[in-house]
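The sequence shown maps to residues 1174 to 1733 in our numbering. Every residue gets a Cβ at the ideal spot worked out from N, C-alpha and C, and that includes glycine. Note that the coordinates shown come from a computational prediction; the quantities given were computed from them, not determined experimentally. One structure below.
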Amino acid sequence: MALVEFNNFNFGYEDKEILSNINFQVENGEFVLLCGPSGSGKTTLLSCIKKELKPKGNIKGTVKFDGKEIDDIEDYKSACDIGFLFQNPDNQIVTDTVIQEISFPLENIGLPPEEIRNRVAEMAAFFGLDKILNKDVNQLSGGQKQLVNLCSLLVLKPKLLLLDEPTSQLDPIASYDFLTILRRLNEEFSITIMITEHKHDNIFPFIDRALFLENGKIKYSNDSREICKDVKEDPIFNKYMPSPAKTYFTLTKTHPEINKKNVPLSIREGRRIINNIDNLKKVETPLPDPTIEFGDTLIECKGMWFGYTKDKVILKDIYLDIKKGEYISVIGGNGTGKSTLLQLVAKLIKPVKGKVSYKKGTTIGYVHQNPMIHFTQDSVKNELCGEELSNLNVNISAKDIIRNKSSNDLDEEVTLSDEALDYLEFFGISHLIDHHPYDCSGGEQQKIAIIKVLLQNPDVLILDEPTKGLDPVSNINLSNKLKKLVEEEDITILMTTHDLDFVANNCHRCIMVFDGNLQLDNTPRSIFSNNSFYTTFINRLIKDQIPSGITLTDVKNIWT
């Protein structure tokens, strides 16, 4: 008997259908990936399996868990057997310390103290949490918080884990570590896993099956290798394949003999195929970076120090110049000070020592990593209208936005500028014009926040993790738009991201923050080709043949 079963399931609201004709089963012990554009219904589908989170709306058909319809499952069984992990680690934490957080669900279901201690001890031993059990959860990294959240589900001994983009806010290393833990849970304990993810390179080798959703319908459903064959000619969903599969299908055009091989999903499988291709060109000399002349220095940081206490210094003696027309990314692990650096540059916070200066007349647009901070109106249309934007200063702080939330409502009918309409169409969210921003998906909210700041026409655009929550196609659309802003409108961009492929494909300059310092400051090609671990998937895949190759474009230019 299937553990999860959707039969002719439909869900929607009065004015919109969210899920349509959903039919599939998930067997005990399966690892299933849900993919699709932002707003395609992935999160709603997962939420419909957990009755405590099931959205209110019009429902047809059935969803069953362990043979019972969701609404008929006992509360205790639903709480214990079905665990749900959200994408924002902070949204699930309810206590002060790690040990309290892991114990809390067990206390809720009334287990005796000795049983609680036994289960917490088991979690601590298995996941190596002994040293942080009494630590304040606010002192943990993003990866540690998400692991603690996972443990607080696992102590209940669930049969099914539902995870909604659990690695979207983690750096590449923490993301891989977290997914590796999920694989162990699936392989060693037969816990069934259903997960939504936009970053597919790490997860595809672990899954049994993938479902690709579009406009609330299942468009593709197959095992992990076959689904790559299914979508290779699809102009939308071929972007969802992992890098080894993309490279494989690129090489089949000039080396048809490898068509007999299985589609590679991991770097190891991809390397085996590449290493066995006869006469494959090797390029030992470094690939060139384009020569670009930048303009005057717009922002200058001199000797900046910042810390919240004397004992906790986050950034030390920072010197940074940003020139007109530069496209700069700041990378590094969670908690290294990337967001703090951006807030200092945007003058949202002040350094305890040193200074930040702008060229006269320079304006700054800042997009917070939490897009909801930017929303003050009850519809997307009102957010992007001229009157709302005129109330904002491009240098406005997050505190100012929050303070003005209740006083800025627009009652009169408003019209959008052609520029706003063009941005909505380009990002593919014109249909959301009358929606409340809070009713949009995480990826859609990200796009709305970026559009709102772009409409203020800043000289320097500062983006804190703009790719977070974006599906692969939206990621490419954002990439194209930002490139156009830099190349055609001479806008300067400073951003943080965990998406190393985005950095490799777009940025002129890459800065790596480590231990409070700007450890590396060079072109993405120079940094990634000299790194062994913190680099792009493509670079790890082709390093033996093209050491300085870091993108799929490099593969196409040299091997096809």
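Where residue i falls, given that 16 or more other Cβ within 10 Å makes a residue buried
{"i": "Val1686", "result": "buried"}
{"i": "Gln1198", "result": "exposed"}
{"i": "Lys1318", "result": "buried"}
{"i": "Ile1575", "result": "With a pLDDT of 41 at Ile1575, under the threshold of 50, the modelled position of that residue is not reliable, and the figure given next carries that caveat. That one is exposed."}
{"i": "Ser1590", "result": "exposed"}
{"i": "Asp1396", "result": "exposed"}
{"i": "Gly1468", "result": "exposed"}
{"i": "Pro1408", "result": "exposed"}
{"i": "Ser1580", "result": "Here the model assigns Ser1580 a pLDDT of 44, short of 50, so the residue's position is not dependable and the matter cannot be decided."}
{"i": "Ala1298", "result": "exposed"}
{"i": "Val1553", "result": "buried"}
{"i": "His1371", "result": "buried"}
{"i": "Gly1510", "result": "buried"}
{"i": "Arg1441", "result": "exposed"}
{"i": "Ser1705", "result": "exposed"}
{"i": "Glu1287", "result": "exposed"}
{"i": "Gln1692", "result": "exposed"}
{"i": "Pro1645", "result": "buried"}
{"i": "Pro1544", "result": "buried"}
Reduced DSSP category for residue i - H, G, I as helix; E, B as strand; rest coil
{"i": "Arg1398", "result": "coil"}
{"i": "Gly1616", "result": "helix"}
{"i": "Thr1513", "result": "helix"}
{"i": "Gln1718", "result": "coil"}
{"i": "Met1545", "result": "helix"}
{"i": "Tyr1707", "result": "coil"}
{"i": "Thr1235", "result": "strand"}
{"i": "Gly1506", "result": "coil"}
{"i": "Asp1637", "result": "strand"}
{"i": "Thr1216", "result": "helix"}
{"i": "Ser1363", "result": "coil"}
{"i": "Ser1314", "result": "coil"}
{"i": "Met1296", "result": "helix"}
{"i": "Phe1377", "result": "helix"}
{"i": "Phe1259", "result": "coil"}
{"i": "Ser1579", "result": "Note on Ser1579: pLDDT 45, under 50, position unreliable in the model; the coordinate value appears next. Three-state DSSP puts Ser1579 in a helix."}
{"i": "Ala1593", "result": "helix"}
{"i": "Asn1435", "result": "coil"}
{"i": "Ile1522", "result": "coil"}
{"i": "Leu1226", "result": "coil"}
{"i": "Glu1661", "result": "helix"}
{"i": "Ser1552", "result": "coil"}
{"i": "Ile1354", "result": "helix"}
{"i": "Ser1699", "result": "helix"}
{"i": "Gly1443", "result": "helix"}
{"i": "Cys1324", "result": "helix"}
Chain-order list of residues whose beta-carbon lies under 6 Å from that of residue i (same chain, five-residue window excluded)
{"i": "Gly1212", "result": "Ser1614, Glu1617"}
{"i": "Tyr1539", "result": "Ala1519, Ile1635"}
{"i": "Asp1254", "result": "Pro1331, Lys1332"}
{"i": "Gly1722", "result": "Ile1715"}
{"i": "Val1321", "result": "Val1271, Glu1274"}
Closest residue to residue i among the options (Cα-Cα distance)
{"i": "Thr1353", "options": "Ile1666, Ile1376, Leu1343", "result": "Ile1376"}
{"i": "Glu1338", "options": "Val1267, Ile1522, Phe1259", "result": "Phe1259"}
{"i": "Glu1203", "options": "Ser1652, Arg1382, Asn1183, Glu1288", "result": "Arg1382"}
{"i": "Arg1444", "options": "Val1728, Asp1727, Asp1717", "result": "Asp1717"}
{"i": "Ile1465", "options": "Leu1691, Ser1702, His1681, Leu1597", "result": "His1681"}
{"i": "Ile1602", "options": "Pro1631, Leu1557, Tyr1707, Gln1629", "result": "Leu1557"}
{"i": "Gly1256", "options": "Asp1350, Asp1663, Met1296, Lys1224", "result": "Lys1224"}
{"i": "Glu1187", "options": "Ile1446, Leu1336, Ile1232, Gly1240", "result": "Ile1232"}
{"i": "Gly1230", "options": "Ile1282, Leu1218, Gly1240", "result": "Leu1218"}
{"i": "Asp1494", "options": "Asn1695, Lys1227, Asn1201", "result": "Asn1695"}
{"i": "Asn1411", "options": "Asn1307, Lys1392, Lys1496", "result": "Lys1392"}
{"i": "Tyr1249", "options": "Leu1628, Asn1264, Leu1284, Ser1702", "result": "Leu1284"}
{"i": "Glu1592", "options": "Asp1607, His1608, Leu1628, Pro1610", "result": "Leu1628"}
{"i": "Gly1476", "options": "Asn1452, Tyr1707, Lys1523, Tyr1500", "result": "Lys1523"}
{"i": "Ser1647", "options": "Thr1665, Phe1675, Ile1664, Val1626", "result": "Phe1675"}
Neighbourhood of residue i by C-beta distance below 7 Å, restricted to the same chain and skipping five residues each side
{"i": "Asp1374", "result": "Pro1415, Ser1416, Phe1710"}
{"i": "Lys1215", "result": "Leu1207, Gly1209, Thr1369, Leu1386"}
{"i": "Leu1605", "result": "Val1553, Cys1613, Glu1617"}
{"i": "Asn1432", "result": "Thr1425"}
Neighbourhood of residue i by C-beta distance below 8 Å, restricted to the same chain and skipping five residues each side
{"i": "Val1177", "result": "Gln1198, Val1199, Ile1222, Val1236, Lys1237, Phe1238, Leu1333, Thr1365, Met1367"}
{"i": "Ser1394", "result": "Phe1197, Arg1382, Ala1383, Leu1384, Phe1385, Ile1400"}
{"i": "Leu1651", "result": "Phe1600, Lys1620, Ile1623, Pro1639, Thr1640, Leu1643"}
{"i": "Arg1356", "result": "Phe1204, Phe1379"}
{"i": "Asn1183", "result": "Glu1190, Leu1192, Ser1193, Asn1194, Ile1195, Asn1231, Ile1232, Lys1233, Gly1234"}
{"i": "Lys1729", "result": "Thr1423"}
8 Å Cβ cutoff, residue i in contact with chain D
{"i": "Leu1258", "result": "In summary, chain D is missing from the structure at hand, where a single protein chain is found."}
| message | Check whether the region 1655-1670 and the region 1634-1644 touch, using three or more Cβ-Cβ pairs below 8 Å as the test. | response | Taking a cut-off of 8 Å on C-beta distances, the region 1655-1670 touches the region 1634-1644, as three or more cross pairs fall below it.
| request: Count the CB pairs spanning the region 1462-1478 and the region 1528-1540 that are closer than 8 Å, and state whether there are at least three. | output: yes
| task | Decide if the region 1414-1434 is in contact with the region 1350-1370; the criterion is three or more beta carbon pairs, one per stretch, under 8 Å apart. | result | With the cut-off at 8 Å, the region 1414-1434 and the region 1350-1370 do not touch.
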